[in-house]
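A quick write-up on the structure given underneath.
Chains as they are written, first to last, in my numbering: chain A, 1 to 198; chain B, 199 to 302; chain C, 303 to 950.
Written out as structure tokens, the structure reads:
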């Protein structure tokens with residue numbers, strides 16, 4: 001057992017263990033923290049593979065962004081202290097069996113398969129190389145997906161604001177009133193009473 | 199890391215994936231379901247990185263896919279949380295068993 | 303010759319007013335719509351007069367023969383290299399004559415309506431409909447293609463429907479408009495089949511080619527004439543079916559039932575559509591195809607003749623008993639159109655034999671003038687007394703002197719008293735009938751006498767008889783004297799036309815073959831008809847000059863005939879019996895039963911089965927997200943297993 005092997009098994013244990021606890025814990029806040037561990041473990045795995053840039057992105061976006069967002073939403077929506085309801089036992093058994101079956105099946109067929117490597121010399125996955133290829137328009141440049149994803153992020157941002165916007169009048173009453181009055185008259189009070197959440 | 203190969207990583211990601219599936223099917227709270235989805239996405243990321251590292255080290259494509267998946271996951275999580283908050287506001291609950299008005 | 307664009311402008315101007323009024327005028331300047339329509343029509347009238355002058359005196363003649371000129375033609379629908387539906391304009395004597403008639407009468411009606419329809423709620427709509435009708439009618443007379451004429455034929459039907467139903471809040475007007483539309487539409491079915499037969503054998507829809515191919519004696523024509531179906535040749539069937547369409551539009555017996563009811567429309571509309579222009583479309587159609595009728599298929603022309611004379615006589619008899627003045631005029635219209643029809647029927651193509659054709663067109667022209675005048679005069683009377691019934695009138699000659707004089711002129715014209723217009727055209731018709739068929743001549747001259755009788759019955763009842771009293775309920779005082787100037791000017795113009803139109807030398811202008819037809823005036827021949835007409839007038843004078851009991855005695859004496867004529871010989875009742883009792887009960891009800899129980903039943907069965915099945919499986923749609931996810935996951939695993947089984 002070399003140190004690197006030990007480190008890998010350690011990371012794997014953190015990831016799997018964190019994930020298992022995250023999906024079984026009855027306290028929602030705890031499950032979020034276990035998710036955090038699991039995600040950090042995955043970042044460690046990237047470090048282990050010498051992909052420092054991806055590891056950094058993983059830590060920043062997942063750990064620093066998404067998990068924090070989830071914790072915020074837990075505070076906004078749920079009494080974080082109380083236990084969550086247990087799943088129905090039939091569903092739990094069915095899901096566990098299905099997941100275990102799928103897992104074993106997949107692992108079996110992965111182990112049966114022989115992968116072939118390209119065997120060409122490796123490219124340094126440095127931030128400079130990544131940035132150059134990400135923004136290049138020739139060869140295998142990723143400028144188009146990059147732009148598309150930026151549009152997607154913009155759309156998601158606007159979508160979040162629209163969905164989470166706080167309207168004083170509940171939507172069904174709003175609809176009912178719109179049929180009664182002229183819609184032009186209604187728009188102004190609605191805008192005046194709105195406030196953004198995000 | 200001589201004895202740690204591609205298969206180890208694939209097994210880890212496979213286990214993570216099915217843990218996520220289990221969580222998605224059993225959890226009754228929408229936020230925890232969202233967490234399960236994050237786990238599934240991360241298992242995919244591990245797959246991409248591992249394939250890139252062990253099979254196609256001369257390219258960076260797997261890495262780019264990972265970056266884009268992370269970006270999309272962030273967008274997806276934010277929209278999902280916005281929907282969950284809105285749902286909570288209208289129904290005072292985020293239990294999936296109780297939000298079943300969209301049927302026949 | 304006038305430039306093509308100006309000729310196209312004649313029908314397009316009314317169309318323009320229709321579009322303009324319907325789209326913007328109705329909303330933004332409703333009170334100006336009448337003036338707009340009148341000005342457009344005036345322009346169109348001046349243009350058509352110019353066209354007529356150019357055609358008849360400058361450009362139309364090559365040698366001695368009037369040519370058919372096609373100033374404009376474009377292919378609209380190309381079916382095959384040989385057969386296409388064109389949109390074109392044809393100028394020949396009859397179309398140019400109709401152009402003048404239609405624009406003149408339409409102009410008069412537009413002008414008259416300025417006064418008559420003043421203050422109506424849907425004044426602008428009325429003018430837009432008038433524009434649509436005028437456009438369609440002008441398009442009809444100028445069509446160069448038999449299918450084009452069919453399109454405009456239906457368009458005049460629609461505008462007639464719209465105008466009859468103008469007072470759509472009156473149930474009787476709605477019923478009348480529906481009746482007119484359905485009856486003429488039914489006849490148009492015959493027209494359409496006739497078009498298909500003719501064009502199938504001729505291989506063209508174009509009038510010139512069609513007439514050329516169906517009149518030139520070729521082997522092909524002989525096979526058509528020989529091809530027989532139910533005892534008649536295919537060509538005869540085609541021509542008779544076309545004539546059925548024309549008979550429907552021209553209110554020939556037995557398809558005339560819609561015309562009296564059509565009087566529910568505003569009176570100027572009756573003058574325009576149901577007296578002067580649209581109802582002569584059938585005559586025009588037969589005249590348009592006249593060479594085919596006359597050269598290739600005289601039996602079809604006999605049908606035209608007999609239908610014409612029957613309608614003429616029956617309508618004249620019915621007209622003697624009606625009490626609604628517009629209905630009297632409607633039956634007189636039918637009678638006069640019957641005159642034109644049988645005049646075409648007794649005619650043959652070319653030279654001396656073509657006298658009937660010329661007389662028919664002549665009568666069409668003069669009849670348009672005096673019948674429009676009669677209707678407009680009747681409109682003025684109705685405007686005054688607010689009633690259509692004779693019993694509400696009488697003694698109006700002092701109150702409405704101008705209307706009285708013009709009405710009298712028109713009555714003399716229709717009765718055929720010299721020197722008014724109707725005398726000349728009627729003389730020609732009678733002469734043509736005398737030359738070909740003595741039976742027809744006998745009936746025709748009898749009809750002429752009856753015509754004089756019922757027209758003067760109408761005249762005396764309106765203007766003499768008793769002194770005029772306002773309605774007993776007294777809500778209407780005779781507050782105004784004569785009708786307004788906008789209504790009187792058209793009366794005067796048409797009155798002048800009714801006097802002068804007879805002196806137009808039609809033999810030089812409109813003949814069957816385009817050549818000059820010298821018409822002689824036989825004073826000896828005219829004696830009998832004029833005497834009979836005078837006799838009719840005298841009888842009417844003795845019956846109706848003052849109120850007396852003679853008409854009642856007469857009616858009692860001939861009670862059977864009187865009752866029959868009063869009820870229009872029960873033709874409406876026969877139609878009702880056939881449609882309601884026979885068709886509804888024998889065909890309609892079984893079809894409805896089949897539809898309700900078999901067709902609908904099958905559909906209901908399908909719907910019920912679908913509903914039941916979906917009720918059974920709707921539990922799957924629980925609305926619970928995780929159930930769906932579980933189905934999905936199970937499905938994925940299932941697919942994976944299937945793929946593994948297939949590929950390993």
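For every residue, glycine included, the Cβ atom is placed at its ideal position computed from N, Cα and C. Please read these numbers as outputs of a predicted model, since none were measured by experiment.
By how many angstroms is the C-alpha of residue j removed from the C-alpha of residue i?
{"i": "residue 775 (chain C)", "j": "residue 694 (chain C)", "result": "Unreliable placement is indicated for residue 775 (chain C), whose pLDDT of 47 sits below 50; the coordinate value is still reported in the next sentence. Each residue's alpha carbon lies about 12 Å from the other."}
{"i": "residue 151 (chain A)", "j": "residue 100 (chain A)", "result": "39 Å"}
{"i": "residue 777 (chain C)", "j": "residue 759 (chain C)", "result": "Any reading at residue 777 (chain C) needs caution, since the residue's pLDDT is 48, under 50, leaving its predicted position unreliable; the model's value is listed next. Whole-angstrom Cα-Cα distance: 28 Å."}
{"i": "residue 944 (chain C)", "j": "residue 102 (chain A)", "result": "14 Å"}
{"i": "residue 624 (chain C)", "j": "residue 633 (chain C)", "result": "9 Å"}
{"i": "residue 837 (chain C)", "j": "residue 793 (chain C)", "result": "27 Å"}
{"i": "residue 96 (chain A)", "j": "residue 234 (chain B)", "result": "14 Å"}
{"i": "residue 110 (chain A)", "j": "residue 267 (chain B)", "result": "23 Å"}
{"i": "residue 748 (chain C)", "j": "residue 890 (chain C)", "result": "43 Å"}
{"i": "residue 864 (chain C)", "j": "residue 550 (chain C)", "result": "26 Å"}
{"i": "residue 703 (chain C)", "j": "residue 784 (chain C)", "result": "7 Å"}
{"i": "residue 82 (chain A)", "j": "residue 29 (chain A)", "result": "10 Å"}
{"i": "residue 657 (chain C)", "j": "residue 875 (chain C)", "result": "39 Å"}
{"i": "residue 241 (chain B)", "j": "residue 914 (chain C)", "result": "44 Å"}
Taking 8 Å as the CB-CB cut-off, is residue i touching chain A?
{"i": "residue 296 (chain B)", "result": "no"}
{"i": "residue 270 (chain B)", "result": "yes"}
{"i": "residue 292 (chain B)", "result": "yes"}
Which residues in chain C sit within 8 Å of residue i, going by Cβ to Cβ distance?
{"i": "residue 223 (chain B)", "result": "928, 931, 932 and 935"}
Name the chain C residues whose beta carbon is nearer than 9 Å to that of residue i?
{"i": "residue 98 (chain A)", "result": "932, 935, 936 and 939"}
Whose Cβ in chain A lies nearer than 7 Å to the Cβ of residue i?
{"i": "residue 284 (chain B)", "result": "163 and 164"}
For the alpha helix (DSSP H) holding residue i, just list the boundary residues, first then last.
{"i": "residue 299 (chain C)", "result": "The requested residue 299 (chain C) does not occur in the structure, where chain C is confined to residues 303 to 950."}
{"i": "residue 638 (chain C)", "result": "627 to 648"}
{"i": "residue 742 (chain C)", "result": "740 to 765"}
{"i": "residue 490 (chain C)", "result": "473 to 504"}
{"i": "residue 791 (chain C)", "result": "787 to 802"}
{"i": "residue 126 (chain A)", "result": "Segment: none, residue 126 (chain A) is in no alpha helix (DSSP H) and carries neither H nor E."}
{"i": "residue 441 (chain C)", "result": "425 to 444"}
{"i": "residue 138 (chain A)", "result": "Note, residue 138 (chain A): premise wrong, no alpha helix (DSSP H); not H, not E."}
{"i": "residue 551 (chain C)", "result": "536 to 551"}
{"i": "residue 875 (chain C)", "result": "873 to 878"}
{"i": "residue 685 (chain C)", "result": "657 to 687"}
{"i": "residue 811 (chain C)", "result": "808 to 811"}
{"i": "residue 91 (chain A)", "result": "89 to 112"}
{"i": "residue 245 (chain B)", "result": "228 to 252"}
Determine the chain C residues that contact residue i at a beta-carbon separation under 7 Å, and present them in chain order.
{"i": "residue 277 (chain B)", "result": "Correct list: empty, because the minimum Cβ distance to chain C is about 16 Å."}
{"i": "residue 102 (chain A)", "result": "939"}
Taking only beta-carbon atoms, is residue i less than 8 Å away from chain B?
{"i": "residue 108 (chain A)", "result": "no"}
{"i": "residue 134 (chain A)", "result": "yes"}
{"i": "residue 91 (chain A)", "result": "yes"}
{"i": "residue 59 (chain A)", "result": "no"}
{"i": "residue 36 (chain A)", "result": "no"}
The beta strand (DSSP E) that contains residue i, what's its start and end?
{"i": "residue 926 (chain C)", "result": "Here residue 926 (chain C) belongs to no beta strand (DSSP E), and DSSP marks it neither H nor E."}
{"i": "residue 390 (chain C)", "result": "386 to 393"}
{"i": "residue 375 (chain C)", "result": "371 to 380"}
Could you list which residues in chain A have their beta carbon closer than 8 Å to that of residue i, in chain order?
{"i": "residue 206 (chain B)", "result": "8 and 12"}
Can you name the residues of chain B whose CB is closer than 7 Å to the CB of residue i?
{"i": "residue 137 (chain A)", "result": "Within 7 Å Cβ-Cβ: nothing; residue 137 (chain A) doesn't reach chain B, min ~15 Å."}
{"i": "residue 45 (chain A)", "result": "244"}
Could you name the residues of chain B that residue i contacts, counting a contact when the two beta carbons are closer than 8 Å?
{"i": "residue 159 (chain A)", "result": "277 and 280"}
Determine the chain B residues that contact residue i at a beta-carbon separation under 9 Å, and present them in chain order.
{"i": "residue 120 (chain A)", "result": "254, 255, 256 and 257"}
With 7 Å as the limit, tell me which residues of the segment 211 to 242 of chain B have their beta carbon closer than that to any beta carbon of chain C; keep them in chain order. Hits within the stretch, in order: 219, 222 and 223.
Residues from the segment 244 to 271 of chain B in contact with chain A, defined by Cβ distance under 9 Å: Legend: CB atoms of the segment 244 to 271 of chain B lying less than 9 Å from CB atoms of chain A belong to residues 244, 247, 248, 249, 250, 251, 252, 253, 254, 255, 256, 257, 258, 259, 261, 262, 264, 265, 266, 268, 269, 270 and 271.
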